[in-house]
Amino acid sequence: MAESRSDGGAIPPITAHHLAEVVQAGHHGASDALDNNPPAHATLPSQTELTLLSRVVELFTAIRQEAAATLNGLHAEIAARRESFTQERYEGRIRSIEASMRALLNRHGSELEQRVYDALKAKREYAFFTYTHRRSADPKIDKWQFILLFLIVPLTLESLLNGNFFAEASEFGLVGGAATAVIISALNIALGFLVGVWPARYCQHVRASHLFWALPVYVALIVLIVMFNLAVGHYREMLIATPDARSLQVLPRLMANPLAITELKSAALVIIGCIVAFAAAVKGYSAFGTYPGHGAAFKRWRERWSAVEEERRRLDVELLPELEAVRSRIDGFKEDCTREISLLQASKAAADQARDLYAARLTQLRSAKDAALMQYREANLRVRTDVPPAYFSQSLNVGEIDQPAALAEHAAVKALIEDFERQLANMPALVEAKLREQLALVRGLDLAGEIERLKSRAAEAGRDAFEQDEAARRQINAEFAAMPR
44 MAESRSDGGA
54 IPPITAHHLA
64 EVVQAGHHGA
74 SDALDNNPPA
84 HATLPSQTEL
94 TLLSRVVELF
104 TAIRQEAAAT
114 LNGLHAEIAA
124 RRESFTQERY
134 EGRIRSIEAS
144 MRALLNRHGS
154 ELEQRVYDAL
164 KAKREYAFFT
174 YTHRRSADPK
184 IDKWQFILLF
194 LIVPLTLESL
204 LNGNFFAEAS
214 EFGLVGGAAT
224 AVIISALNIA
234 LGFLVGVWPA
244 RYCQHVRASH
254 LFWALPVYVA
264 LIVLIVMFNL
274 AVGHYREMLI
284 ATPDARSLQV
294 LPRLMANPLA
304 ITELKSAALV
314 IIGCIVAFAA
324 AVKGYSAFGT
334 YPGHGAAFKR
344 WRERWSAVEE
354 ERRRLDVELL
364 PELEAVRSRI
374 DGFKEDCTRE
384 ISLLQASKAA
394 ADQARDLYAA
404 RLTQLRSAKD
414 AALMQYREAN
424 LRVRTDVPPA
434 YFSQSLNVGE
444 IDQPAALAEH
454 AAVKALIEDF
464 ERQLANMPAL
474 VEAKLREQLA
484 LVRGLDLAGE
494 IERLKSRAAE
504 AGRDAFEQDE
514 AARRQINAEF
524 AAMPR
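Residue 44 is where the sequence shown starts when you use my numbering, and the numbers rise one by one after that.
Given below as structure tokens:
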């Protein structure tokens with residue numbers, strides 16, 4: 044049987060020539076006729092004919108098994124699809140959709156609750172800070188873009204003025220003077236901003252201990268700024284007197300007589316530098332709040348409260364469409380049934396194709412059987428000298444081939460398809476009837492109202508969590524204070 048199959052496992056077309064060659068019908072017919080076999084009185088087929096019929100039965104068995112395997116595979120596939128296409132499947136889907144919606148609400152609610160808790164905690168920390176540090180008003184905090192612009196403007200103005208002053212003393216002219224002026228202006232602004240943002244703010248701290256370091260640093264930086272600008276004035280005069288002078292030679296001259304500046308433009312350099320440093324110090328003093336840490340505490344509170352408002356807006360913008368998208372998944376019963384019916388039509392066509400192929404191969408096998416028998420008998424009649432047996436005038440029938448029965452597997456597949464089609468036709472109505480309450484619940488859910496209630500619940504939960512935290516903290520402080528020393 045294996046030799047009758049191709050490499051792919053499918054049975055190739057069956058021909059009379061091939062079948063006759065397999066059993067050597069012509070050769071054996073003539074060989075049997077030499078001894079007048081089969082005898083004239085024989086009623087049973089000869090050995091060659093029996094071998095031929097045995098081979099035909101083998102081919103029939105292979106054809107039958109191949110058709111049965113194809114149809115059984117279709118039957119199993121359809122049965123699996125039908126088993127998964129149940130009312131419980133849709134009930135589970137609706138439960139899953141409802142759970143997904145609730146999970147979305149809970150997740151976003153927990154995020155908003157945490158934001159409210161953080162904002163209340165930052166507000167409490169800010170109130171504690173203002174009380175302990177005796178602050179009566181909120182600080183004014185400048186945006187970094189405004190601070191940068193404020194520092195760039197004096198840098199540019201001073202660089203332009205100083206560039207003109209140094210252009211007369213520099214061997215590179217205006218370019219060299221501008222480069223020197225930019226460096227000087229940047230140092231003046233940096234030192235002035237440092238004075239304002241650091242020691243000047245700490246000089247007013249409620250803890251007097253900060254004065255021990257802030258006041259000396261404050262005075263030292265002011266002296267440094269004044270001495271730096273005096274050194275700039277001395278350096279310009281040295282360049283005018285001696286173009287080859289080096290900056291390292293300024294320090295001895297400055298220490299010998301700091302005020303020994305005779306040129307009006309050199310004195311203007313000193314005054315302009317001190318003014319720019321003073322302006323930078325004023326901006327540094329007020330840029331982040333005039334009290335150290337006050338602006339940071341206030342900014343943290345405002346940022347966390349803004350995060351609460353941003354989360355509330357995000358719920359309105361993002362959560363509603365997300366919930367609607369989840370809810371829209373429940374309206375797919377009819378579409379699923381229609382899609383499944385189209386798949387069943389393809390399965391039905393495949394089953395009919397397998398049945399037709401089986402019938403065509405049986406016809407081929409029947410014709411090949413009769414032709415091979417005819418070849419054997421013709422060769423036998425030509426050689427034999429005796430009367431042939433009576434059955435030579437009759438065809439040898441094989442019941443399964445000459446009177447084939449309908450394929451039971453095909454009938455089973457067709458019955459399963461018809462039953463599944465009836466189920467699919469009734470499925471939407473059955474699902475709607477069985478799950479009416481759940482569908483009404485999910486479809487009738489007021490999503491906008493749910494979001495509003497979610498925001499209220501989350502805000503309340505955040506306040507409750509904060510109050511519980513505060514109560515626990517006060518309890519711990521009270522127990523610590525009551526402990527014997």
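Glycine included, each C-beta is placed from N, C-alpha and C at the ideal position.
Model, not experiment: these values are computed from the prediction.
Report yes if the CB atom of residue i is closer than 8 Å to the CB atom of residue j, and no otherwise.
| i | j | result |
| --- | --- | --- |
| Leu117 | Ala454 | no |
| Ala162 | Arg347 | yes |
| Leu264 | Leu234 | yes |
| Ala68 | Leu95 | yes |
| Phe172 | Ala340 | yes |
| Ala411 | Thr58 | yes |
| Thr175 | Arg244 | no |
| Val159 | Ala502 | yes |
| Phe413 | Ser438 | Strictly speaking, residue 413 in this sequence is Asp, with Phe absent from that position. Contact flag set, yes. |
| Pro432 | Pro81 | yes |
| Leu267 | Pro301 | no |
| Gly152 | Arg500 | yes |
| Ile460 | Ser390 | yes |
| Val441 | Val99 | yes |
| Lys498 | Arg355 | yes |
| Tyr328 | Val262 | no |
| Arg124 | Glu383 | yes |
| Ala311 | Asn231 | no |
| Leu467 | Phe103 | no |
| Glu361 | Leu147 | no |
| Ile494 | Leu363 | yes |
Could you check how far apart the C-beta atoms of residue i and residue j are, in whole angstroms? I think they sit under 8 Å.
| i | j | result |
| --- | --- | --- |
| Asn423 | Ala73 | 7 Å |
| Ala83 | Val430 | 4 Å |
| Leu155 | Leu358 | 7 Å |
| Gly276 | Val249 | With 8 Å as the limit, Gly276 and Val249 do not qualify as a contact, their Cβ atoms being about 40 Å apart. |
| Lys308 | Ile184 | Not really, about 39 Å apart at Cβ, beyond 8 Å. |
| Ala397 | Ala110 | 6 Å |
| His71 | Thr91 | 4 Å |
| Thr428 | Asn115 | That belief does not hold up - the Cβ atoms of Thr428 and Asn115 are roughly 54 Å apart, past 8 Å. |
| Pro242 | Val269 | Rounded, the Cβ-Cβ distance is 15 Å, inconsistent with contact. |
| Gly316 | Ile227 | 7 Å |
| His337 | Arg178 | 6 Å |
My output table needs one value for residue i: the three-state DSSP class, helix, strand or coil.
| i | result |
| --- | --- |
| Ile57 | coil |
| Val218 | For Val218, the predicted model reports a pLDDT of 42, less than 50, meaning its position is unreliable; a value from the coordinates is still stated below. The answer is helix: DSSP assigns Val218 an H, G or I state. |
| Glu46 | Reliability fails at Glu46, whose pLDDT of 41 lies under 50, so the model's placement of it is uncertain and the value that follows must be treated cautiously. Three-state result, Glu46: helix. |
| Ala502 | helix |
| Leu484 | The predicted model places Leu484 with a pLDDT of 49, which falls under 50 and marks its position as unreliable; any figure quoted below should be read in that light. In the structure shown, Leu484 sits in a helix (DSSP, three-state: H, G or I). |
Would residue i count as contacting chain B if we go by Cβ distances under 8 Å?
| i | result |
| --- | --- |
| Leu163 | The chain labelled as chain B is not found in the depicted structure, where only one protein chain is given. |
Point to revise | Residue ranges of each alpha helix (DSSP H) within the region 235–265, 4 or longer | key: 242–245
**Study point:** Whole beta strand (DSSP E) elements within the region 110–170, 3-residue minimum
**Key:** none
Point to revise | alpha helix (DSSP H) runs contained entirely in the region 296–344, provided each spans 4 or more residues | key: 307–330
Exercise for review: Could you pull out every unbroken alpha helix (DSSP H) segment of at least 4 residues lying fully inside the region 59–103, listed in chain order?
Suggested key: 59–66 and 68–77
Review point. Does the pairing of the region 504–517 with the region 405–425 give three or more beta-carbon distances under 8 Å?
Key: no
Review point. Is it true that the region 445–462 meets the region 393–409, where meeting means three or more beta-carbon pairs spaced less than 8 Å apart?
Key: yes
Review point. Does the pairing of the region 236–244 with the region 320–329 give three or more beta-carbon distances under 8 Å?
Key: yes
Point to revise | Within the region 398–474, ranges of the alpha helix (DSSP H) (whole runs, at least 4 residues) | key: 442–445
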